[in-house]
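Beneath this line is the structure, given in structure tokens, with notes to follow.
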Amino acid sequence: MPDAARFHHPLRLFAAAAIAAASAISFIGCASAPPPPSVLPTAFSQLPTHLLASMGEHVVEFQCPTPGYQPSLTRSLDEHLGKGVYITLRSPDPAVNYPQRLVTQRIATGVPITTTLNVYVRLIPFDAPDDTDAPFAIAASAPGTVPVPQPPT
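Be aware that the sequence shown starts at 302, since it is given in our numbering, and climbs by one per residue.
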């Protein structure tokens, strides 16, 4: 009987390992990140868009015809050799009477200026849901900058 007891012990270990592996595989699917948003092959051209640097990070600037536009940072993803930032720009509510004057809207990206950045933007109606599937379009790009060493003082 001692041989039979030894034979059953490795089977129990194998069964426990198989259950643990199956559980880990099933959790991988739940923990994976959602796919990147869809991007149009054309550039974003609805509003002039520029990249600036402020406090050591990239800042996106929009020139809007009225003050009703609302930019929001939708997502930030790692890309090959840099970061991709996805910004949703919500158009003004047509029921509100906004003055017709040029307004500058800025939104911080949280990406250091030393990192290469691609900015993707989509313009959606003011009442569109936050989880809309509207595609993005490339609006601006900036190569990462290397800080210049300062001479000792």
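Cβ coordinates follow ideal geometry from the N, Cα and C atoms, glycine included.
Owing to the predicted nature of the structure, the values given are computational and were not obtained by experimental measurement.
- For the set A438, P450, T454, I425, the Cα lying nearest the Cα of Q371 is the one of I425.
- Partner residues in the beta bridge of L378, as assigned by DSSP, are G385.
- In terms of CA proximity to P436, S339 leads the group A334, L352, S339.
- Around the beta carbon of V447, a 10 Å sphere encloses fewer than 16 other beta carbons of the protein chains shown; the residue is thus reported as exposed.
- Considered as a whole, the segment 337-368 harbours 340-344, 350-355, 358-365 as its complete beta strand (DSSP E) runs of no fewer than 3 residues, in chain order.
- Here S442 carries a strand assignment [DSSP, helix/strand/coil].
- For P444, the CB contacts under 6 Å within the same chain, skipping 5 residues up- and downstream, are T417 in chain order.
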